[in-house]
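Protein chains in written order, with this note's numbering: chain A, 1 to 259; chain B, 260 to 518; chain C, 519 to 794; chain D, 795 to 1070.
Just so it is clear, CB atoms sit at the ideal spot from N, CA and C, and this is done for glycine as well.
Values in this document were obtained by computation on a predicted structure and should not be read as measured data.
For reference, the structure is listed below as structure tokens.
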């Protein structure tokens, strides 16, 4: 039973969180949360230092007791090593737009707003940009509104910024000197050409990028049992959907073998 | 049974707190606390708006739940109308010195330090300077160290400042335009001359200042029963001493009458 | 300052009566005790031209006030109905230019409230530089950090001083103290605001400040202007430790509010519920 | 950052071992949970050249560390033994010039810690202008309020970032969470400090964060580096909800410490108690 696309994403996130002591996850972000939980399980298995996970809006995984300002204080203190941000638009300089498309303020499409991005993007060392939809309307040449910039001038206080961009098609790293993204790997079942066509900005890549590695057997086992159980406490609907995915794939796999 | 000197002080403080909605009292300040409690009792008796009293370091009268910063936040918000400050030295411009006598920093006499005075003196509308010892070493021409100034330049943010100075000998008001103190009244049993000799700075006064009025019968009754009972919860040693004072005076009074 | 002579427990209409046209209202985030009960009372009251400060994001409550035409401007880090999608009345009002926007980021709103809490004119904040948020906020200022040896710009956020903070909490006591638990942004809102109106599930007999365990999560009466009981008062939002969010109802609202007519029908249905 | 692999409950010597010569120590006010137990462990450890930050005032603990010659400098709003009078070793050290003084005022110390808590370089603060406190603090800066129309100077307090915060609390749980109740300055100290060492009366089995009532007064393990049990660990200071201050003992100390010899004898007696 090979890993499902979601499991590939979760495993990739766990890899990006290697060495992280404390990762915060936004509300309603089940895939990043699952990636963080897998990271924690992997560390536990390997006897490595524990990974602390704070899930915003969750009662179960809320280690904060000073109101909704505490996440930002904690990040400002350097106590959060990794965070996830998305964007209605993301451009090749790592700028993210969470506000709206078209001319601000009377945006033609309005998104919720910048949330904490205009702070966390500056102070959290590893910000992982995560957006499953990989399309030219998301990955644009230039965002219509900069909720938070990918890079800033030398004089700007900047302890953090984009570390990677993970989409439904592939994984990119970010080079802040250039600045720009580099395609690190293409998820199984997709091709470099698909990604180039779906991306509105230029990015660096090897002539033949590698395929995003799937989890090995024991890791997949950890993900499908321990992590899925943990996930079920906070995201029951998502956990059920993942289970259904796995079962559907398993069936298809069996059918395939029988043919 | 006439009022004791302490009762005169307490009654005078209650008068200075007329109209105050919230008064904060420092730790180990039983006379100011008693004055605030008498104010509260007088308001209650007259059906006036209640007076809230916060006594620092008291568990019983602690209405704060945000740590020791809350008093200052509360004052900054304009929610504290009156506070008491003392001073190792106080001068005629209302400057107070809580740090030490002699050349700073190697003071020849060191006092504890400025506590919150360098903030509260600026933001609490009615700061009552209270010091029982009335002597030239306390009331000096010029303080050796300004923990907090009595007056500041026009451009300085200043919502509060000295409102009155109460000592064991008399009551002064403060005129910030002059700036300087005006003797308002002399406590029973003392004279203007005593005060002039015991004060190291010049102050304005009427040729024959009035005597500090003692509490009337019903007020004294309130003080000796209800207020003393309340006081006993927070300052049991002080309340006992006050009771002893009253009894001693009563005895002397009786003896006097019998003679 | 709070009215000091009010009876400790009022009704929703008395609370809503404290909101005057043109005032600035501080409202909490979805999961921190939204007084939805006050939303209906505010509609009945009808005081308009309001400025809303979301602490730090907003949802259905603000969306309804906007839809009802009571809102002049909004300061917020986000407006969303969560799983139910975008805030439809807000989004329409943005497109039509009906409301003035002060787009913010969460810690900037916390910083503005903290400045008010401290009686300070402003608070500094890292981040924000070279963003379009900063570009469109001419009420934020950039200075050079005077403690730095080389160039180090830092943004200053001015104090946010709402006229009225409104929220819902599990309980209050008869002395006017309100239990907010670890939702300390509710305290921050109250510290910063001139008036604080609170609805609660219930009023308890014991003094919440008398026991150190409950005192730790209590907002003292000093900061609470008026309290009304509103059972299930956050519905359809949830209240921590009490009841979960009724997501189906929020989705129902989100669908209805896609059009002005649907929105009006939704409000009419709520008014009918109330009357029933 | 806290060591992340430590066993949850340690002994006092392991805690004291985290204090290196030259470090800045944040210590709480008398009534907010002084870890007097750690005082003796710090004497045994002997790391000197310390800078003490009192939050916001200090007493017997700091006085003993000064008397023992372990302190280079003190930032404080006051040093006092309360009813027992002035802090004798501190007063002697001031006169002799043995310690460097950073005289402050309570809200300035809170402001410095808040700046560190927020990851901000400084916090503004009203007051202070034209005082001698400001005159002698060249680490504080005055700027013009950029939001004001006319002259409006305001003092900026730089972030205070202690290396180690040390305090005593009623209880911790097995997960490293510490119950601080309404003594939130203890949380402020921990947020601002790189390392936080806590002694407690007892360790409880239940997770303090699992129940909303206890969670409201809990400092999460995230900010707690190491914990040791020290029964009666604030003595002779009191601990809220646990035991009162032993004023007679503090008076005994105040008398003894009037002379170097008396101070040494007092320490020897304490060491003998410990050994017994």
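* To do: Using the Cα positions of residue 141 (chain A) and residue 132 (chain A), report the straight-line distance between them to the nearest angstrom.
  => 18 Å
* Asked: Taking the Cβ atom as the reference point for each residue, do residue 374 (chain B) and residue 1053 (chain D) lie within a distance shorter than 8 Å?
  -> no
* To do: Just the C-alpha distance for residue 1047 (chain D) and residue 1067 (chain D), rounded to the nearest angstrom, thanks.
  => 15 Å
* Identified DSSP bridge partners for residue 997 (chain D) -> D:966
* To do: Express the C-alpha separation of residue 361 (chain B) and residue 831 (chain D) in angstroms, rounding to a whole number.
  => 36 Å
* Asked: Using 8 Å as the limit for Cβ to Cβ distance, is residue 1001 (chain D) near chain C?
  -> no
* To do: Return the residues of the region 716 to 747 of chain C that lie within a Cβ-Cβ distance of less than 7 Å from chain D, sorted by chain order.
  => 730, 731, 732, 733, 734 and 735
* To do: Taking C-beta pairs closer than 8 Å, name the residues in chain A that residue 757 (chain C) reaches, listed in chain order.
  => Chain A residues near residue 757 (chain C): none, gap ~12 Å exceeds 8 Å.
* Listed from N- to C-terminal order along the chain, which residues in the region 653 to 665 of chain C have their beta-carbon within a distance smaller than 7 Å of any beta-carbon of chain D? -> 659, 661, 663, 664 and 665
* What does a CB cutoff of less than 7 Å around residue 485 (chain B) pick up in its chain, not counting 5 residues either side in sequence? -> 300
* Mark residue 216 (chain A) as exposed unless 16 or more other C-beta atoms lie within 10 angstroms of its C-beta, in which case mark it buried. => exposed
* Give the interface partners of residue 324 (chain B) over in chain D, defined as CB-CB distance under 7 Å, in chain order. => 976
* Option in A:91, A:18 and A:151 with minimal Cα separation from residue 200 (chain A) -> A:91
* Asked: With distances taken between CB atoms, is the gap from residue 294 (chain B) to residue 267 (chain B) smaller than 8 Å?
  -> no
* To do: Could you check what DSSP says for residue 72 (chain A) in three-state terms: helix, strand or coil?
  => helix
* When Cβ atoms are compared, which residues of the region 591 to 617 of chain C fall closer than 8 Å to chain B? -> none
* Which residues, taken in chain order from the region 118 to 150 of chain A, show a beta carbon closer than 8 Å to some beta carbon of chain D? -> 123
* Asked: Does the pairing of the region 186 to 204 of chain A with the region 71 to 83 of chain A give three or more beta-carbon distances under 8 Å?
  -> no
* Find the nearest neighbour of residue 234 (chain A) within the set A:155, A:31, A:148 and A:49, judged by alpha-carbon distance. => A:31
* To the nearest angstrom, report how far apart residue 655 (chain C) and residue 70 (chain A) are at their CA atoms. => 24 Å
* For the region 631 to 652 of chain C, enumerate the residues whose C-beta is nearer than 9 Å to any C-beta of chain D, in chain order. => 632, 633, 636, 637, 638, 639, 640, 641, 642, 643 and 644
* Three-way DSSP call (helix, strand, coil) for residue 634 (chain C) in this model -> helix
* To do: Could you pull the start and end residues of the alpha helix (DSSP H) that residue 935 (chain D) belongs to?
  => Taken as a continuous stretch (DSSP letters only), residue 935 (chain D) belongs to no alpha helix (DSSP H), being part of the beta strand (DSSP E) at 935 to 938.
* Asked: Is there at least one Cβ from chain B nearer than 8 Å to residue 705 (chain C)'s Cβ?
  -> yes
* Asked: For residue 225 (chain A), which three-state DSSP category applies?
  -> helix
* **Buried or exposed (CB count within 10 angstroms, at least 16 for buried), residue 574 (chain C)** => buried
* Let me know the beta strand (DSSP E) ranges lying completely inside the region 1000 to 1063 of chain D, each 3 residues or longer, listed in chain order. => 1020 to 1023
* The alpha helix (DSSP H) with residue 269 (chain B) in it runs from where to where? -> 264 to 275
* **Residue ranges of each beta strand (DSSP E) within the region 285 to 354 of chain B, 3 or longer** => 311 to 314, 341 to 344 and 348 to 350
* Are the beta-carbon atoms of residue 1014 (chain D) and residue 994 (chain D) separated by less than 8 Å? -> no
* Check the C-beta distance from residue 1104 (chain D) over to residue 662 (chain C) and give it rounded, since I have them as a contact under 8 Å. => Nothing about residue 1104 (chain D) can be read from this structure; chain D reaches only from 795 to 1070.
* **Boundaries of the alpha helix (DSSP H) in which residue 882 (chain D) is found, first to last residue** => 882 to 890
* contact_flag[the region 393 to 409 of chain B, the region 315 to 333 of chain B] where n(CB pairs < 8 Å) is 3 or more -> no
* Asked: Under 9 Å Cβ-Cβ, which residues of chain D neighbour residue 676 (chain C)?
  -> 941
* Under a three-way DSSP split, which group does residue 482 (chain C) fall into? -> The question about residue 482 (chain C) has no answer, for chain C in this structure spans 519 to 794.
* Asked: Can you name the residues of chain C whose CB is closer than 8 Å to the CB of residue 865 (chain D)?
  -> Simply none; closest approach about 25 Å.
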